[in-house]
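Going by UniProt numbering, the sequence shown opens with residue 1, and the numbers climb by one from there.
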Amino acid sequence: IDNSATVLHKIAALYKESLMSDISLVVGGTQYPAHRLILCASSEVFQVMLMNPEWSESQESCVVLQETPACAAIFGNFLQYFYTGQIRINHLIVMPVLALADKYNVKDLVKLCIEYMCEHIAHAAVNNQLISWLQYTLTCGHYQAAQVCQNFVKWNLELVAETTDFGNFEPEILVSLLQQNDLVVRNEMVLYNCVVKWLNLQKERLLQDSEDTEAHMEQLVVEVMSHVRFPMMSPRQLAELLLSPLTKKYKEFFVERMAIGMSFHSGQTERVNEVLQTEEGKLLFIPRLYTADTWSTLLSVENFPLLPAYHTRTLVFSSRSSLAEHAGDHACEWVVDVYPKGVWFRKFFLIVWQGTVEVPESVLRTVRLSVMCRDPPAAGHTRVKVGILIRGVQDGVEHIRTVIERNHHFGESDKVLNFDDLLSFDELNNPPGAANGGTSSPYLVGENRDVFKLHIVIAPLSDVCSSTVR
């Protein structure tokens, strides 16, 4: 016999009807009748506050709690959760609910809030909440949610930079982001413009709040722009920076950064090595995941649900063989094979010195992508960074959902790089409920949710990357 629903209904009635309450909590001028037993059973903080005689609140029948306006506005919902185990959450109130759950150590509610955030990251991004989520979860040690938030920002920076929430980035967290090698942007110039936008938003705030705006702005410019990788811009882009209002205003700083970029492109090894000796300089010569045509190509597999098992899609493209201008514009040609519905190795016969050996057929239930260097160097190797950017949909928002990155040496004896288990085979091909007309795979995009779309990024790693990148 299970009569738990009736018991829960009776407990909920205690709160709803204010029956037999023995304590009142006052928050933001509003009084909430409650029960010590329920409060202490639900929250370790309330248990100490109301049961420990060393706390004055343990002797009081009316306890005043100090909460932020956002938390005070939903405190009634928070308290009701203690009685019902239910609470309605959306992207606007999950933060104050989580803040209260953290403050009063309601672990089960913390877990629910974190799960909600991880499942609605894209929705938060387009509704100007994501940066707040990222910074709160980092500060409070919710590293699972913080990592999911950070990944979305890193891999969809251009989307995030278009939101008003982008200006809420704390400088130190933005700097941490700019230090990442797996940041996805069209090119470094686009990243520079994103940082300029953030700086302009900071200036607007400083003009309202601070008297010493100019000194503070100069400090911010140096702090964040030091992590923009000017050597990854082309000489033409570096020349265009001279026309930027920000460059003109802080000319001395930017000319020095641009000179580092030009030293790299002109092959001034001695100057580049000097820069590499500094802590921040080690990252300046490492390419990010650039989606410009120079380094990347887009592969779309359409009508995905209708494709047969073991279907293969092949794409041939080329990318530049060097980051530096002085090395010329020689291109490497690549052959990409995608096996989104598994890999089938047919039976074949292998001729060896003992005779003929039959190799039986084999099936791999994996999502595989292979990259082949069509013309590797006859001697030595080509060292590159390969990034696979897989698009997906969450809450109706198309975005880069997964990134796989690997550094590899291509040579005559190692022409092919395989990425197995690129995604969960079932999540792409057999998502829960799909057979009954349910939800499509989160990795299928497009108007009809039938397109598997991914970017392949291949960027060369120059010799000066050797000290920081294998």
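Glycine is no exception: its CB is placed at the ideal position from the N, C-alpha and C atoms.
Relative to the Cα of residue 338, the nearest Cα in the group 87, 454 and 182 belongs to 454. Counting only unbroken stretches of 3 or more residues, the beta strand (DSSP E) elements lying wholly within the segment 358-406 are 362-364, 368-373 and 382-394, in sequence order.
Cα atoms of residue 285 and residue 422: separation of roughly 28 Å, rounded to the nearest angstrom. The three-state reading of DSSP puts residue 236 in helix, counting H, G and I together. Selection 384, 22 and 368 evaluated against residue 390 yields 368 as nearest (Cα-Cα). Burial check for residue 5: the Cβ neighbour count within 10 Å stays below 16, so the residue is exposed. Taken through DSSP and simplified to helix, strand or coil, residue 344 comes out as strand.
Closest in alpha carbon position to residue 82, among 152, 11 and 379, is 11. Counting the other CB atoms within 10 Å of its CB gives residue 51 a total below 16, which places it among the exposed residues. Between residue 381 and residue 411, the C-beta spacing is below 9 Å. Three or more beta-carbon pairs separated by less than 8 Å link the segment 247-264 to the segment 213-233, which places the two stretches in contact. Taking the C-beta atoms as reference points, residue 77 is found nearer than 9 Å to residue 88. Here the alpha carbon of residue 177 sits roughly 46 Å from the alpha carbon of residue 16.
Counting only the Cα atoms, residue 427 lies some 47 Å from residue 206. In its chain, beyond the 5 residues on either side, no residue has a beta carbon closer than 6 Å to the beta carbon of residue 29.
A residue is called buried once 16 or more other Cβ atoms fall within 10 Å of its Cβ, and residue 291 is buried on that count.
Under the criterion of beta carbons closer than 8 Å, residue 101 and residue 110 qualify as touching, at roughly 5 Å.
In summary, residue 266 is exposed, with fewer than 16 beta-carbon neighbours lying within 10 Å of its beta-carbon over all protein chains present.
If you keep only unbroken beta strand (DSSP E) runs of at least 3 residues inside the segment 158-184, you get nothing at all.
As a beta-bridge residue in DSSP terms, residue 418 pairs with 370. Annotation: the continuous alpha helix (DSSP H) that includes residue 38 extends over 36-42. Check the Cα spacing between residue 113 and each of 98, 9, 103 and 289: the tightest is with 98. Secondary structure remark: continuous alpha helix (DSSP H) runs of at least 4 residues inside the segment 221-288, in chain order: 235-241, 245-249, 251-265 and 269-276.
Nearest C-alpha to residue 151 among 170, 165 and 130: 130. DSSP places residue 209 in no beta strand (DSSP E) but in the uninterrupted alpha helix (DSSP H) bounded by 188-209.
Rounded to whole angstroms, the gap between the alpha carbons of residue 155 and residue 192 is 16 Å. In the structure shown, residue 451 adopts extended strand secondary structure according to DSSP, grouped into three states. Sixteen is the threshold: when 16 or more other Cβ atoms of the shown chains lie within 10 Å of the Cβ of residue 441, as they do, the residue is buried.
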